[in-house]
Amino acid sequence: MNLTTPTTMGQLRRLIAAADDRAGAHVLWIDNGGEVHLSADDGAGDDGAVRLRFAPFQPGAGMVGPLAAHDDGLIGKMYFSILHHWLHAGDAPPGPLEAALDDFEREGGWAVPAEPTAHVMNIAPRHGVFGAACH
1 MNLTTPTTMG QLRRLIAAAD DRAGAHVLWI DNGGEVHLSA DDGAGDDGAV RLRFAPFQPG
61 AGMVGPLAAH DDGLIGKMYF SILHHWLHAG DAPPGPLEAA LDDFEREGGW AVPAEPTAHV
121 MNIAPRHGVF GAACH
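Numbering (the working numbering), first residue to last: 1 to 135.
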């Protein structure tokens, strides 16, 4: 899932589904090129590739894994939080930024429809371009 090209909630679902919630804490992060990653949180430092890092998901919290991937509310919250923070990361000084899914929700967020719909977003904040198409 790369945020400089059109993305879908399905891509995020696949990323979340591939993780094991019981295997330990996980961190959702975005590299400088816009690629979204989900990694085990091993406490390792930033190697310079991290642009945006969300607070770790604790083991057993239901934030990753196949069950989490089927939670429409959770996936919607993650998806739109990722897009929101990535868009605003372009206005921030260089270096890694910390984010939390809650931050976005407090700012109002977007309503996630009850019925499944396709969302395609193309966000490239470093170039001042924002394009979105929703079907």
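Where is the CB? At the ideal position from N, CA and C, for every residue including glycine. Note that the coordinates shown come from a computational prediction; the quantities given were computed from them, not determined experimentally.
(1) In terms of residue numbering, what span does the beta strand (DSSP E) encompassing L97 cover?
(2) Would DSSP call L87 helix, strand or coil?
(3) State the start and end residues of the unbroken beta strand (DSSP E) segment that holds A28.
(4) Taking C-beta to C-beta, are L97 and L52 nearer than 8 angstroms?
(5) Exposed or buried, what is L67 when buried is set at 16 or more other beta-carbons lying within 10 Å of its beta-carbon?
(6) Assess contact between the segment 5–12 and the segment 52–61, defined as three or more Cβ pairs (one per stretch) separated by less than 8 angstroms. Is contact present?
(7) Is it true that the CB of V36 sits closer than 8 angstroms to the CB of I75?
(8) Classify D21 as buried or exposed, calling it buried when 16 or more other Cβ atoms lie within 10 Å of its own Cβ.
(9) Considering V53, what are the terminal residues of the beta strand (DSSP E) in which it resides?
(10) Using the Cα positions of V50 and G33, report the straight-line distance between them to the nearest angstrom.
(11) Distance check for V64 and N79, CA to CA, integer angstroms please.
(12) For the beta strand (DSSP E) containing A40, list its first residue and its last residue.
(13) Between the C-alpha atoms of A99 and P93, what's the straight-line distance to the nearest angstrom?
(14) Rounded C-beta distance between A61 and A17? I'm assuming under 8 angstroms.
Inspection of the coordinates gives the following:
(1) The sequence position of residue 97 within the sequence shown is 97, counting from 1. From DSSP, the beta strand (DSSP E) with L97 extends over 97–99.
(2) Translated into the one-based positions of the sequence shown, residue 87 becomes position 87. DSSP places L87 in the helix class (H, G or I) of the three-state scheme.
(3) By one-based count along the sequence shown, residue 28 stands at place 28. One detail in the question is off: residue 28 reads as Leu in this sequence, not Ala. First-last of the beta strand (DSSP E) with L28: 26–31.
(4) Numbered from 1 along the sequence shown, position 97 holds the residue referred to as residue 97. Numbered from 1 along the sequence shown, position 52 holds the residue referred to as residue 52. For L97 and L52, yes; Cβs fall inside 8 angstroms.
(5) If you number the sequence shown from 1, residue 67 lands on position 67. Exposed, because fewer than 16 other Cβ atoms sit within 10 Å of the Cβ of L67.
(6) Because the criterion of three Cβ pairs below 8 angstroms is not met, the segment 5–12 and the segment 52–61 do not touch.
(7) Locating residue 75 in the sequence shown gives position 75, where the first residue counts as 1. Locating residue 36 in the sequence shown gives position 36, where the first residue counts as 1. Not a contact, by the Cβ cut-off of 8 angstroms.
(8) Against the sequence shown, residue 21 aligns to sequence position 21. That one is buried.
(9) In the sequence shown, the residue the question calls residue 53 occupies position 53. Checking the sequence, you will find Arg at residue 53 rather than Val. First-last of the beta strand (DSSP E) with R53: 50–54.
(10) One-based indexing of the sequence shown puts residue 50 at position 50. One-based indexing of the sequence shown puts residue 33 at position 33. Roughly 9 angstroms separates the two Cα atoms.
(11) Taking the sequence shown and counting its residues from 1, the one referred to as residue 79 is at position 79. Taking the sequence shown and counting its residues from 1, the one referred to as residue 64 is at position 64. The question names Asn, yet the displayed sequence has Tyr at residue 79. The straight-line gap from Cα to Cα measures roughly 13 angstroms.
(12) Within the sequence shown, numbered from 1, the residue matching residue 40 stands at position 40. Element bounds for A40: 36–40.
(13) Here residue 99 refers to the residue found at position 99 when the sequence shown is read from its first residue. Here residue 93 refers to the residue found at position 93 when the sequence shown is read from its first residue. Approximately 15 angstroms between the Cα atoms of the pair.
(14) The sequence position of residue 61 within the sequence shown is 61, counting from 1. The sequence position of residue 17 within the sequence shown is 17, counting from 1. Their Cβ separation, rounded to whole angstroms, is 16 angstroms, which puts A61 and A17 out of contact at 8 angstroms.
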